[in-house]
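Trainee: Right, I'll just put the structure down here and ask away after.
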């Protein structure tokens with residue numbers, strides 16, 4: 191049977207932690223900058239606007255990652271996890287972006303969608319009761 195090198199509370203040596211952190215950062219970096227690059231290129235935005243989208247994605251990813259890891263009051267999972275962009279919303283963002291609203295429409299729709307999700311999260315205990323687990327046997 192394989193034995194784990196570290197348990198949950200163990201801390202690896204500093205150099206190893208630094209190398210593993212850099213590896214994790216590089217792996218996450220590609221995913222974080224890919225979505226704004228795709229959206230900027232498909233919408234044929236000027237390079238300066240695409241750069242702003244990438245910078246915004248990196249900044250917000252860093253801020254939200256810090257909030258998730260450290261927590262602010264009841265907000266945050268307090269676990270080491272990198273928060274970033276997702277390809278899930280690219281198709282919807284492009285559909286909105288191709289309308290006359292462009293990037294402003296994408297950002298507005300994201301804001302409204304975020305507020306709907308935040309409000310909807312307060313009703314999850316009630317909604318879960320409507321979908322009991324299915325037991326097969």
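In the working numbering, the protein residues as written are 191 to 327.
Cβ coordinates follow ideal geometry from the N, Cα and C atoms, glycine included.
Can you tell me which of 249, 260, 293, 205 puts its alpha carbon nearest to the alpha carbon of residue 234?
Mentor: For the residues 249, 260, 293, 205, the minimum Cα distance to residue 234 belongs to 293.
Trainee: What residues are listed by DSSP as bridge partners for residue 250?
Mentor: None; residue 250 has no bridge partner.
Trainee: Write down the C-beta distance between residue 252 and residue 260 rounded to the nearest angstrom, noting that I regard them as a contact closer than 8 Å.
Mentor: Not a contact, Cβ separation roughly 12 Å.
Trainee: Looking only at DSSP bridge pairs, what is residue 265 linked to?
Mentor: Residue 265 pairs with 262.
Trainee: For residue 226, collect the residues of the same chain with a Cβ closer than 8 Å to its Cβ; drop the 5 residues on either side in sequence, then sort them by chain order.
Mentor: Here the set comprises 240, 243, 244, 246, 247, 275.
Trainee: Using the C-alpha atoms, what's the distance from residue 262 back to residue 237?
Mentor: Answer to the nearest angstrom: the Cα atoms are 36 Å apart.
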